[in-house]
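Residue numbers (the numbering used here): 4 to 501.
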Amino acid sequence: MNLKDLEDEDKNLRIEAWRSALKRLERGKISPKSLKQELPYLYELLTSSFETDRAEAWEIASKLMEKGVGDADELRKRLKYLYLLVRRGETFLLGDGVWSIVVRLMNAGVIEGEVRNRFFLVLESRKLRARLEAWKQLKDFDFRDVLVKRRKYFLELLRAGDPWLRLKAWETALDLLNKGIVSPKSIQRRLRFLYSFFKRGEDFTMSDVVKVILKLKDMGIVGELNDVMLEALNRDEELPSLWKGVIELLDAGLVEQKVVKSRLRFLFLLFYSGDLYVKEGALEVSLSLLDRGIINRKQLRGKVRFLIMGLGSRDMFYRAFCWEVTPRLMRPGLVGEDTVRDKLNYLYELLDHGGCYDNSMYLECPALKGWRVTVELFQLLDLEELRWYLDRYLWLLEKPNLSVTDQDLQVLRTLVERGVMSVDHIVRLTENRYFKVSLYAWSVAVSMAKEGKLEKEKISENLDYLRRLYRRATKEGRRPLEELIERLKELGIRTLVE
């Protein structure tokens, strides 16, 4: 590393150079003296108008100060810019958080006296996000007396109007309870603000709320929630995650079965939602309640009739959804094998569907969902019929921006193990754009070559793809590739990757 990089006019490159210098200092590759004369260029960034640059510069400066490389007086002159970061209440993408910088500088004697007290006043800030961030981070340091003295300001956060902020405050309360900074009684008196999540219907927070409740139950702070859930479930809002939370509370003994039974009509209403996510959630919850004996097959059979009808829907997304859930309906006997066999032509049509739709970050393909279902329905399928549509599946797997999952690998394994996929298909997949797919195909190809089912020349012709795969693989991804290369060596095939 060139020391001149620490003075670079490009602030991003300068920060990167200082980050590298800090690592070299920690490894003993660079002397503290050589860095001290460059400190003005780092300290210039401590007052940057770009908050992320400023935060990173303060983080580096505080870590250097820990190593004895720094000028306390120069840092004190600029502390107001660090204070402004703390008052903002943001993390600025720093792993340890902004308050870890403050604590380092306190330990180094840079922040002391009245200035130190001023920083601690953020624990009482009117800016609730800044106050919460201070409590979240400082609880992990040795400031018990400071926190106990100001705990009423934390308790106020438990009733904050912002749902996200209120939830994070309750999650923080668990740690403060364990450390004895807030008392169980003070938390019990405010439980209604935690239960208000059930009444207000914030679907995105529900699973996290349940986690908090279960931990408070383990601490002996939360008791039965029958009345709370009677009220919460007494509405027709489309909140499948609320019902999923009820299952967990039921299993934990916080809600009685009679409460759930009395509100089943609201669960069944979710089956008629126009949102597939809501329908799937209703089905998942209903099957869980069926397993627990809270509802019976007769009650559920009528509700899933529309799913059976949907197996032949003209809407391919809806058809894909109905086929996705069919194996789940077959397990408890809600749908019989004969019914599914009668509808298989609709599944084959789905497998041949060519439409994929852009869903922001990735493509959503009804046909791909259909192929994933084949793994669980394989015993009902006609293998010759599957072979007819196999080229369509390989074509789908070549499309960019797919969300390729382990389910797709399971489909490939099943097709290979059942002899549906030919040698040519396997060779074609070795060239696939998706790492997991290509890696699996290479593994199968090598095994087939070892068994004499695939000519070694075929593999040799495709080695360029293997080399490309190796070059773009992560460090973790290269491990299975290196094992593959060793297997190729045993076959007398040199990859030239090593």
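Backbone N, C-alpha and C define an ideal beta-carbon position, used for all residues, glycine too.
Keep in mind the model is a prediction, meaning the values are calculated, not measured.
query                                                                                                                                                                                            : result
Any idea if residue 408 is buried or exposed, counting beta-carbon neighbours within 10 angstroms, 16 or more meaning buried?                                                                    : exposed
Quick one: measure Cβ to Cβ for residue 125 and residue 81, integer angstroms, because I've assumed they're closer than 8 angstroms.                                                             : About 18 angstroms; that fails the 8 angstroms criterion.
Using DSSP with H/G/I as helix, E/B as strand and the rest coil, what is residue 367?                                                                                                            : strand
So what does DSSP say about residue 360, is it helix, strand or coil?                                                                                                                            : strand
So for residue 236, helix, strand or coil by DSSP?                                                                                                                                               : coil
I need the DSSP call for residue 170, collapsed to helix, strand or coil.                                                                                                                        : helix
Is it buried or exposed, residue 102, if we count other Cβ atoms within 10 angstroms and call 16 or more buried?                                                                                 : buried
Would you kindly work out how many angstroms separate the C-alpha atoms of residue 254 and residue 490, rounded to a whole number?                                                               : 49 angstroms
On a CA-only basis, which of 439, 437, 447, 403 is nearest residue 424? Give me that one, please.                                                                                                : 447
Look at the Cβ atom of residue 258, then the Cβ atom of residue 267, and state whether they are nearer than 8 angstroms.                                                                         : no
For residue 449 and residue 462, I'd like the C-alpha separation in whole angstroms.                                                                                                             : 8 angstroms
In the DSSP assignment, find the alpha helix (DSSP H) that holds residue 109 and state where it starts and stops.                                                                                : 101–110
Look at the alpha carbon of residue 212 and the alpha carbon of residue 247, and state the distance between them as a whole number of angstroms.                                                 : 12 angstroms
Which same chain residues, not among the five before or five after residue 306, have their C-beta less than 6 angstroms away from its C-beta?                                                    : 271, 274
Return yes when the Cβ of residue 314 is within less than 8 angstroms of the Cβ of residue 322, no when it is not.                                                                               : yes
Please state whether the Cβ-Cβ distance between residue 337 and residue 304 is less than 8 angstroms.                                                                                            : yes
Counting Cβ pairs closer than 8 angstroms, one from the stretch 60–72 and one from the stretch 102–112, do we hit at least three?                                                                : yes
Who are residue 353's beta bridge partners in DSSP?                                                                                                                                              : Answer is none; residue 353 lacks a bridge partner.
Assuming the contact rule is C-beta atoms closer than 8 angstroms, residue 222 and residue 245 should be a hit. Round their C-beta distance to whole Å, please.                                  : Their Cβ separation, rounded to whole angstroms, is 23 angstroms, which puts residue 222 and residue 245 out of contact at 8 angstroms.
Does the distance from the CB of residue 28 to the CB of residue 38 come in under 8 angstroms?                                                                                                   : yes
Would residue 378 and residue 417 qualify as a contact pair, given that the criterion is a beta-carbon distance under 8 angstroms?                                                               : yes
Just to check my reading of the structure: residue 371 and residue 331 have Cβ atoms closer than 8 angstroms, yes? What is that Cβ distance to the nearest angstrom?                             : Not confirmed; about 19 angstroms, so no contact.
By alpha-carbon positions, which one of 302, 360, 292 ends up nearest to residue 320?                                                                                                            : 360
For the candidate residues 260, 153, 265, whose alpha-carbon lies nearest to that of residue 2?                                                                                                  : In the structure displayed, the chain extends from 4 to 501; residue 2 sits before or after that span and is not available.
For residue 157 versus residue 106, is the C-beta spacing smaller than 8 angstroms?                                                                                                              : no
DSSP three-state call for residue 3: helix, strand or coil?                                                                                                                                      : For the chain, the structure presents residues 4 to 501; residue 3 sits outside this window and is missing.
Within the same chain, show all residues whose beta-carbon is closer than 6 angstroms to that of residue 316, passing over the 5 residues directly before and after it, in chain order.          : 322
Kindly list the residues whose CB is nearer than 7 angstroms to the CB of residue 123, restricted to its own chain and excluding five residues on each side of it in sequence; keep chain order. : 149
Can you tell me whether residue 136 is buried or exposed? The criterion is at least 16 other CB atoms within 10 Å of its CB, across all chains shown.                                            : buried
Could you please give the first and the last residue of the uninterrupted alpha helix (DSSP H) stretch that includes residue 329?                                                                : 319–333
Residues in the same chain with beta-carbon distance under 8 angstroms from residue 185, minus the five sequence neighbours each way, listed in chain order, please.                             : 154, 157, 158, 176, 179
Roughly how many angstroms separate the alpha carbons of residue 375 and residue 410, rounded to a whole number?                                                                                 : 6 angstroms
With 16 other CB atoms within 10 Å as the buried threshold, where does residue 369 fall?                                                                                                         : buried
If you draw a straight line from the C-alpha of residue 388 to the C-alpha of residue 430, how long is it?                                                                                       : 22 angstroms
If you follow the alpha helix (DSSP H) that residue 417 is in, where does it begin and where does it stop?                                                                                       : 409–420
So, with DSSP's three-state summary, where would you put residue 228?                                                                                                                            : coil
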